[in-house]
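Q: Quick one: this structure, given as structure tokens, is what I'll be asking you about.
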Amino acid sequence: DRSLADTDPEVFEAISAELVRQQTTLEMIASENSAPVAVMQAQGSVLTNKYAEGYPGRRYYGGCEHVDVVEQLAIDRLRALFGAEYANVQPHSGAQANAAAMSALLQPGDTILGLDLAHGGHLTHGMRLNFSGKLYDVAAYHVRPDDHRVDMAEVRQLAHERRPRLIIAGWSAYPRQLDFAEFRRIADEVGAFLMVDMAHFAGLVAAGLHPSPVPHAHVVTSTTHKTLGGPRGGVVLATAELAKKFNSSVFPGQQGGPLEHVIAAKAVAFKLAGEPAFRERQERTLAGARILADRLLAPDSRAAGIDVVSGGTDVHLVLVDLRQSELDGRQAEDRLHAVGITVNRNAVPFDPRPPMVSSGVRIGTPALAARGFDRDDFTEVADVIAEVLRPSTADDRLAGLRARVSRLADRHPLYPDLTEVRR
Ligand code: PLP
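Quick look at the structure:
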């Protein structure tokens, strides 16, 4: 068989260039991570060839004896990792996990109550162009204007007024922890299901560094590629009681054949997430985010119009608030890109600028922690970011800052042994 380089030089070159980009820059998009080589090996395996509609031991195709082993390992490890009675590892993505969970519990037209996208929620929690906003009647709760914490009084009030069938707790851009027990109390008051979407903080939960939603929620969904550090994909966790409903909602409800190569990679990631090194890495993830928040709250940054949403962080990300800054979110993203730091601009709560511009950047530490960054490294990154975000930092200083970023990247080589995509 011909190699990728011989078969398709254009794709080969683009993948090689992406490897070099990841190696030479600092990845600080909060939803990203650097998957271990073992995870990528599993994902790039012959399992991609296999059809396996159904579940382990109950397939609609022959020849599933080995993928059954793989999928059962993934299920058992995931259940053990989070102490869940039931796990489904087949959703192709976080969005599909959410679609499956909602279609299992809801009828079209039912009301859902989730965090407003503009205040840190996810598209699948009721955005009008998403399936969730089209199929369901959407009510949205918000964060408070003073401390940027989810307004639980509003959640309770909306729950009683709108009588949702499903309440969604979870977020894509929120720097604090949610009170799952209070969400469940509210859900019980109005007879709603509680779904927690822990896509962002699943790795912290696995490491025991964030409260677990599993004891409180009827269903927990997640991605596997964010703090959890696995392949791109989704999962559903629930009580045994709901197992049948969710199994049939994922397949045949939402999907056909499962991606067994991705499920193998999930199994590897769940194994790693149970090891002490994973907890240590999540501790550095949290420490890095705190160092960054503290640095951006220092007097020189504050004087430059920089603030931090909610005044800090309890998780793996910092939401920088540029509402008082001359720089908008897009300019901040571009300037950080120019020095080799990749982030995404993000609306902050009560953002006066339009979403395409926005007044914030979301900065996360999981990928750098995976790369081995320690407190000193995070302190250096935070200094560089603080300088880049000061509007008074002239463009001609950016080259010097780029050199500091390169030194950090060199100190922690990423995928040093990865030769597959080199000629
Ligand atoms: N749920 C939350 C909270 C997310 O942040 C995301 C991704 O950003 C998703 C679900 C969707 O995951 P995916 O991109 O795999 O569909």
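Just so we're aligned: 1127 in my numbering is position 294 of the sequence shown, and the numbers increase by one with no gaps anywhere. The C-beta atom is built at its ideal place from N, Cα and C for all residues, glycine as well. Source: prediction; values computed, not measured.
(1) Hey, out of 1054, 989, 964 and 961, whose CA is closest to residue 926's CA?
(2) Grab me the residues of residue 870's own chain with a C-beta within less than 8 Å of its C-beta, minus the 5 sequence neighbours each way, in chain order.
(3) In this structure, does DSSP put residue 859 in helix, strand or coil?
(4) DSSP on residue 970, reduced to helix/strand/coil?
(5) Have a look at the DSSP bridge pairing and note the partners of residue 1002.
(6) Cβ of residue 1152 within 9 Å of Cβ of residue 1196?
(7) Rounded to whole angstroms, what is the Cα-Cα separation between residue 1237 and residue 1205?
(8) Just to confirm the assignment: which complete alpha helix (DSSP H) runs, minimum length 4, are found wholly within the region 1034-1119?
(9) May I ask you to report which of helix, strand or coil DSSP gives residue 866?
(10) Would you decide whether residue 1345 is buried or exposed? Buried here means 16 or more other CB atoms lie within 10 Å of its CB.
(11) What is the rounded straight-line gap between the Cα of residue 952 and the Cα of residue 1178?
(12) Hey, how far is the Cα of residue 1154 from the Cα of residue 1032?
(13) Under DSSP, the alpha helix (DSSP H) around residue 988 begins and ends at which residues?
(14) If you follow the alpha helix (DSSP H) that residue 1203 is in, where does it begin and where does it stop?
(15) What do you get for residue 963, buried or exposed, if any count of 16 or more other CB atoms within 10 angstroms of its CB means buried?
(16) Excluding the 5 residues flanking residue 943 on each side, which residues of the same chain have their C-beta closer than 8 Å to its C-beta?
(17) From residue 1057 to residue 1095, what distance separates their C-alpha atoms?
(18) So for residue 1148, helix, strand or coil by DSSP?
(19) Indicate, with yes or no, if the ligand PLP has a heavy atom lying under 8 Å from the CB of residue 1030.
(20) With a threshold of 8 Å (Cβ to nearest heavy atom), would residue 936 be considered close to the ligand PLP?
(21) Which residue wins for smallest C-alpha separation from residue 859, given the options 935, 1232 and 1201?
(22) Cutting at 6 Å between CB atoms, please list the residues of its own chain near residue 875, excluding the five before and the five after it.
(23) Measuring straight from C-alpha to C-alpha, what distance separates residue 1131 and residue 1157?
(24) What do you get for residue 1208, buried or exposed, if any count of 16 or more other CB atoms within 10 angstroms of its CB means buried?
(25) Can you tell me which of the three DSSP states residue 1207 falls into?
(26) Can you tell me which of the three DSSP states residue 892 falls into?
(27) What three-state label does DSSP hand residue 1233 in the structure shown?
(28) Helix, strand or coil: how does DSSP classify residue 1227 here?
(29) Considering only C-alpha positions, which residue in the set 1020, 1225 and 1142 is nearest to residue 991?
(30) Please state whether the Cβ-Cβ distance between residue 1012 and residue 983 is less than 9 Å.
(31) Strictly by DSSP, which residues pair up with residue 920?
(32) Using the three-state DSSP reduction, which class does residue 1331 fall into: helix, strand or coil?
(33) Tell me, to the nearest whole angstrom, how far the beta carbon of residue 1045 is from that of residue 1038; I am working on the premise that it is less than 8 Å.
(34) Exposed or buried, residue 850, counting other C-beta atoms within 10 Å across all chains shown (16 or more means buried)?
A: Result, derived from the coordinates:
(1) Nearest Cα to residue 926 within the set 1054, 989, 964 and 961: 1054.
(2) 1248, 1250 and 1251
(3) Three-state DSSP puts residue 859 in a strand.
(4) If DSSP states are grouped into helix, strand and coil, residue 970 belongs with the strands.
(5) 1029
(6) yes
(7) Cα to Cα, the separation comes out at about 17 Å.
(8) 1035-1039, 1076-1081 and 1093-1106
(9) coil
(10) This structure cannot settle anything about residue 1345, because the visible part of the chain is limited to 834 through 1256.
(11) 14 Å
(12) 23 Å
(13) 985-995
(14) 1199-1203
(15) That one is buried.
(16) 969, 970, 997, 998 and 999
(17) 10 Å
(18) coil
(19) Residue 1030: yes, Cβ under 8 Å from the ligand PLP.
(20) It does not: the Cβ of residue 936 is nowhere closer than 8 Å to a heavy atom of the ligand PLP.
(21) 1201
(22) 1097, 1098 and 1101
(23) 15 Å
(24) exposed
(25) coil
(26) strand
(27) helix
(28) coil
(29) 1020
(30) Cβ atoms of residue 1012 and residue 983: closer than 9 Å.
(31) 1070
(32) Only positions 834 to 1256 of the chain appear in the structure, and residue 1331 is not among them; the question remains open.
(33) 5 Å
(34) The C-beta of residue 850 has fewer than 16 other C-beta atoms within 10 Å across all chains shown, which makes the residue exposed.
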